[in-house]
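Colleague:
Numbering (the working numbering), first residue to last: 931 to 1158.
1) So does the region 1125-1138 actually touch the region 979-993, counting three or more Cβ pairs closer than 8 Å?
2) Among 994, 1128, 1017 and 1081, which one has its Cα closest to the Cα of residue 1047?
3) Between 1119, 1006, 1141 and 978, which lies nearest to residue 1128 when the distance is taken from Cα to Cα?
4) Pick helix, strand or coil for residue 1080, following the three-state DSSP scheme.
5) Along the alpha helix (DSSP H) that carries residue 992, what are the first and last residues, could you check?
6) Considering residue 1058, what are the terminal residues of the alpha helix (DSSP H) in which it resides?
7) Should residue 1084 go down as buried or exposed, given a rule of 16 or more other Cβ atoms within 10 Å for buried?
8) Starting from residue 1019, trace the beta strand (DSSP E) both ways and give me its first and last residue.
9) Look up residue 1140 in the DSSP assignment and say whether it is helix, strand or coil.
10) Given this structure, state the Cα-to-Cα distance separating residue 1051 from residue 1094, to the nearest angstrom.
11) Helix, strand or coil: which one does DSSP assign to residue 934?
12) If residue 1026 and residue 1017 are in contact, beta carbons under 8 Å, what's the gap, nearest whole angstrom?
13) Please report the Cβ distance between residue 1154 and residue 1076, rounded to the nearest whole angstrom; I am assuming they are in contact, meaning their Cβ atoms lie under 8 Å.
14) In the structure shown, what three-state DSSP assignment does residue 1039 receive?
15) Could you check the C-alpha separation between residue 1022 and residue 977 for me, to the nearest Å?
16) For residue 1046, which of helix, strand or coil comes out of DSSP?
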């Protein structure tokens, strides 16, 4: 699945994404809460970048938590970004960028916080490592990168159990077989789940310190690191 196909997939979900993702993963809101709750309270976040803002579920929370920060919202789907913009309103401190993560470039030491929710797994292993390195370059000293995403288990057996329990959870929340198959088709064609332990190591190699998994349920987790 190429860049245009990915954008069209999320364009098609732009009006219903929140309801769909909450059926798909009922602990979605808890995961977003964890991402915010574990951000260091003693650091000023004046310049923020959100990678994969989608329809704005995390965006709204970040904007509310940091009312004086300038925030760049980045997404590949123009339709999703329009929904995000309509939810946040027009403010001078907000910038909306329809761009691919792999093409992003910001000035060194210009960003205090980078956040992301269910987006980094769209990149290959190599692309993740490259992105982590670039994010570290964008961040100011003591800046923070925190992202919520899907991660592969350390073994195929663990990953298979994660997927089994996830489907049970999704079905109990009202997700239909058709809806589940839609997500699985997208996952097979486009997603790249790398083990959590590997990604923690890649963050350390990219120059991050205090790297940790601060929340986890099955293949879903929140990871955070600070620039040394």
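Backbone N, C-alpha and C define an ideal beta-carbon position, used for all residues, glycine too. Only a predicted model underlies this, so the values are computations on that prediction, with no experimental measurement involved.
Modeller: In short, the structure shows the following:
1) no
2) For the purposes of this step, residue 1047 is taken as the residue at position 117 of the chain shown. Among 994, 1128, 1017 and 1081, the Cα nearest to that of residue 1047 is on 1081.
3) In the chain shown, counting from the first residue as 1, residue 1128 sits at position 198. The candidate whose alpha carbon is nearest that of residue 1128 is 1141.
4) As a working note, residue 1080 is residue 150 in the chain shown. In this structure, residue 1080 counts as strand in the three-state DSSP scheme.
5) Translated into positions along the chain shown, residue 992 becomes position 62. Counting along the chain, the alpha helix (DSSP H) containing residue 992 begins and ends at 987-995.
6) If you number the chain shown from 1, residue 1058 lands on position 128. Residue 1058 -> alpha helix (DSSP H) spans 1055-1068.
7) As a working note, residue 1084 is residue 154 in the chain shown. Exposed: under 16 other Cβ atoms inside 10 Å.
8) Residue mapping note: residue 1019 aligns to position 89 of the chain shown, counting from 1. Per DSSP, residue 1019 belongs to no beta strand (DSSP E) and is neither H nor E.
9) On the chain shown, position 210 is the one that residue 1140 refers to. Three-state result, residue 1140: strand.
10) Start at 1 with the first residue of the chain shown, and residue 1051 comes out as number 121. Start at 1 with the first residue of the chain shown, and residue 1094 comes out as number 164. If you take the alpha carbons of residue 1051 and residue 1094, they lie about 19 Å apart.
11) The residue given as residue 934 occupies position 4 in the chain shown. The predicted position of residue 934 is uncertain, since its pLDDT is 44 and thus under 50; a value taken from the coordinates is nonetheless stated next. Note: residue 934 maps to helix in three-state DSSP.
12) Here the question's residue 1026 lines up with position 96 in the chain shown. Here the question's residue 1017 lines up with position 87 in the chain shown. Actually they are not in contact, since the Cβ atoms of residue 1026 and residue 1017 sit about 11 Å apart, beyond 8 Å.
13) Along the chain shown, one-based indexing puts residue 1154 at 224. Along the chain shown, one-based indexing puts residue 1076 at 146. That belief holds up - the Cβ atoms of residue 1154 and residue 1076 are roughly 4 Å apart, short of 8 Å.
14) The count along the chain shown starts at 1 and reaches residue 1039 at position 109. Reduced to three states, the DSSP call for residue 1039 is coil.
15) Mapped onto the chain shown, residue 1022 falls at position 92. Mapped onto the chain shown, residue 977 falls at position 47. Each residue's alpha carbon lies about 13 Å from the other.
16) Working through the chain shown from its first residue, we reach residue 1046 at position 116. Correct three-state label for residue 1046: strand.
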